[in-house]
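Trainee:
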């Protein structure tokens, strides 16, 4: 017995083997396989089973003495192979399941049946085994990795058994993984669990059981007598024909002597015939080899067609991806150009405002009567202070939902401002709000304004498809770029990864950018890119 089959028997479980048998064989093939497994059972005493295998159920009574059981010694007890003795097992599907159940038990309990079932499976999977033998492990793991697809294609059982019989350890392990990954149905061994397979067999000593057998035997005896009579008549006819044949034989012998004399010249052709036969055999071998090569070529062509189709799909996907990428790059560059233009415009505007601020007369500065020297000193201190000038930009929408979803709390925006600015000089603090008609935010906005925030609000926009949009990404970016000339530090309160290009632009202008946000809601790229990241903790929640 091959060592590989013993290994398979140790690895496979009964429900898995039952599933493979059901997938590989139909009812007729299972019938033949069960008959083959039953061929070691001797019958006698009118067809009664003399011995049973230890600790095993009786072979299916549907396989009583027939021409398919050469070791049967008694008369025919059951007529049709398609009949079922047990009233609890009816229908073609149940019949097939009962056969599968019987073979599954036999496979693990009886060595000859194990060999017979293994041989049957090996013949059934021969083509699948050849195909898998041509494939390398990467192809097998790619094309034969989904149990559901194999089941839908009707090749699950053959494929798994072929993988288990492969000589490569990796492929055998993949076969075991497929067995374990498959979602097995409520199959035969579960439904027949606790049921003795002998329950469907009526004992021979039951009263009235032998009466149909005796009637059948009498019918067979009558049939045999008629056949014997016909054989005698045929024998007499054959004897008469033998006499005629003897006379013809004598005539043929005379004619044969004449033919032998004529056959002598033809003997010279024997050597030539032998040569032709040798060449003919050689041509047959070459034809068989070419047929095998043609089959291999067809398989390769089929695989090439599949690869071409996959390659075409990947190329289409790549083209679409490149188009999308180029479009995004184009939009990003366009937005970047707009931001650069706004930056230059704001730079000019700030320069102009600075000149006008320096040229203000004493009476126009905050409505006071400051002398010219004092006024110039105040302006100079404001424009040339040693402390870094800070601008705070809070994406309220982003921070609000991050605190609500994760902590079911609200953010203390006053503490946020104190924590991020510290001893540095605050130039401006902006809070960007999305107004929702159903929610009154007036008290919240008043609190922010009272504590130094400048409010920028926009309404929630409804799209044509019913969805809503409301974000300040572009507005925040424009405000930051426009104020870069009067700021040393930009503090952004948002974890949105879309601000990464803006952070790079701020750093290119030799400005510092810091981000405060919830760590779980902040893009990793943004955390790595900025100069300082402040994770929001419980001290900022209320």
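Numbering (the numbering used here), first residue to last: 6 to 547. All C-beta atoms, glycine included, are put in the ideal place defined by N, C-alpha and C.
Write down the C-beta distance between residue 186 and residue 152 rounded to the nearest angstrom, noting that I regard them as a contact closer than 8 Å.
Mentor: Indeed they touch by this definition, with Cβ atoms about 5 Å apart.
Trainee: Might you give, ordered along the chain, the residues of its own chain that have their beta carbon closer than 7 Å to the beta carbon of residue 432, omitting 5 neighbours on each side?
Mentor: Excluding residues within five positions, the ones whose Cβ falls inside 7 Å are 394, 395, 396, 491, 492.
Trainee: For residue 458, which of helix, strand or coil comes out of DSSP?
Mentor: Coil, per DSSP.
Trainee: Which residue from 444, 456, 457 puts its Cα closest to that of residue 465?
Mentor: That would be 444, whose Cα lies nearest to the Cα of residue 465.
Trainee: In terms of residue numbering, what span does the alpha helix (DSSP H) encompassing residue 502 cover?
Mentor: Per DSSP, residue 502 belongs to no alpha helix (DSSP H) and is neither H nor E.
Trainee: Report the rounded CA-to-CA distance for residue 17 versus residue 312, giving the unit in angstroms.
Mentor: If you take the alpha carbons of residue 17 and residue 312, they lie about 33 Å apart.
Trainee: From the DSSP secondary-structure annotation, give me the bridge partner or partners of residue 518.
Mentor: For residue 518, which the question treats as bridged, DSSP gives the partners 495.
Trainee: Between residue 292 and chain C, is any beta-carbon pair separated by less than 9 Å?
Mentor: The structure shown has no chain C; it contains just one protein chain.
Trainee: Check whether the segment 34-42 and the segment 133-145 touch, using three or more Cβ-Cβ pairs below 8 Å as the test.
Mentor: Contact fails: fewer than three Cβ-Cβ distances are below 8 Å.
Trainee: Should residue 531 and residue 421 be called a contact, given that it needs their Cβ atoms to be closer than 9 Å?
Mentor: Going by C-beta atoms, residue 531 is not nearer than 9 Å to residue 421.
Trainee: How would you call residue 437, buried or exposed, if buried means at least 16 neighbouring beta carbons within 10 angstroms?
Mentor: It counts as buried.
Trainee: Tell me the residue span of the alpha helix (DSSP H) that contains residue 165.
Mentor: Residue 165 -> alpha helix (DSSP H) spans 161-170.
Trainee: Counting along the chain, where does the alpha helix (DSSP H) carrying residue 432 start and finish?
Mentor: From DSSP, residue 432 is part of no alpha helix (DSSP H) but of the beta strand (DSSP E) over 430-440.
Trainee: Give every residue of the same chain whose Cβ lies closer than 7 Å to the Cβ of residue 434, excluding the five residues on either side of it in the sequence, and list them in chain order.
Mentor: The answer, listed in chain order, is 397, 422, 457, 458, 459.
Trainee: Using a Cβ-Cβ cut-off of 8 Å (strictly less than) and excluding sequence neighbours within five positions of residue 477, which residues of its own chain qualify?
Mentor: Only 400, 402, 437, 439, 461, 463 meet the Cβ criterion.
Trainee: Along the chain, where does the beta strand (DSSP E) containing residue 406 start, and where does it finish?
Mentor: It is not in any beta strand (DSSP E) - residue 406 instead sits in the alpha helix (DSSP H) that spans 401-412.
Trainee: Report the rounded CA-to-CA distance for residue 369 versus residue 430, giving the unit in angstroms.
Mentor: Since pLDDT at residue 369 reaches only 39, below the 50 mark, its modelled position is unreliable, and the value read off the structure follows with that caveat. Spanning the two alpha carbons is a distance of roughly 24 Å.
Trainee: Please classify residue 25: is it buried, with 16 or more other beta-carbons within 10 angstroms of its beta-carbon, or exposed?
Mentor: Buried, by the Cβ-count rule.
Trainee: Taking C-beta to C-beta, are residue 176 and residue 220 nearer than 9 Å?
Mentor: No, Cβ-Cβ distance for residue 176 and residue 220 is not below 9 Å.
Trainee: Does the segment 499-510 come close enough to the segment 521-537 that 3 or more CB-CB pairs lie under 8 Å?
Mentor: Contact between the segment 521-537 and the segment 499-510 is present, because at least three Cβ pairs lie under 8 Å.
Trainee: Considering only residues of the same chain and omitting the five flanking positions on each side of residue 537, which have a CB-CB separation below 6 Å?
Mentor: Hits under 6 Å: 519.
Trainee: Per the DSSP calculation, residue 464 is bridged to which residue(s)?
Mentor: Answer is 440, bridged to residue 464.
Trainee: Please classify residue 66: does DSSP put it in a helix, a strand, or coil?
Mentor: Confidence at residue 66 is low in this model, with a pLDDT of 43, below 50, so the placement of that residue is unreliable and no value is reported for it.
Trainee: Within this structure, are the beta carbons of residue 516 and residue 495 separated by less than 9 Å?
Mentor: The answer is yes: Cβ separation under 9 Å.
Trainee: So the candidates are 142, 449, 259; which of them puts its Cα closest to the Cα of residue 174?
Mentor: The residue with the shortest Cα to Cα distance from residue 174 is 142.
Trainee: Give the secondary structure of residue 149 by DSSP, where H, G and I count as helix, E and B as strand, and everything else as coil.
Mentor: It is coil, neither helix nor strand.
Trainee: Kindly indicate which residue of 417, 414, 427, 411 has the alpha-carbon position closest to the one of residue 392.
Mentor: The residue with the shortest Cα to Cα distance from residue 392 is 427.
Trainee: Is the separation between the beta-carbon of residue 485 and that of residue 507 shorter than 9 Å?
Mentor: The answer is yes: Cβ separation under 9 Å.
Trainee: What is the rounded straight-line gap between the Cα of residue 260 and the Cα of residue 269?
Mentor: Rounded to whole angstroms, residue 260 to residue 269 spans 15 Å at the Cα level.
Trainee: Let me check understanding here. Comparing Cα to Cα, which of 302, 418, 425, 114 lies closest to residue 450?
Mentor: Residue 418 is the option with its Cα nearest to residue 450.
Trainee: Does DSSP put residue 540 in a helix, in a strand, or in coil?
Mentor: Correct three-state label for residue 540: strand.
Trainee: Take residue 539 and list the residues in its own chain whose beta-carbon comes closer than 6 Å to its own, dropping the five residues that flank it on each side.
Mentor: Within the same chain, residue 539 has close Cβ partners 521.
Trainee: Can you check which of these residues, 111, 107, 119, is closest to residue 12 by C-alpha distance?
Mentor: Selected option, being the one with the closest Cα: 119.
Trainee: By a C-beta neighbour count over all protein chains shown, 10 Å radius and 16 as the cutoff for buried, is residue 111 buried or exposed?
Mentor: So residue 111 counts as buried.
Trainee: Confirm, please, whether the CB-CB distance from residue 411 to residue 504 is below 9 Å.
Mentor: Against a cut-off of 9 Å, the Cβ pair of residue 411 and residue 504 comes out as no contact.
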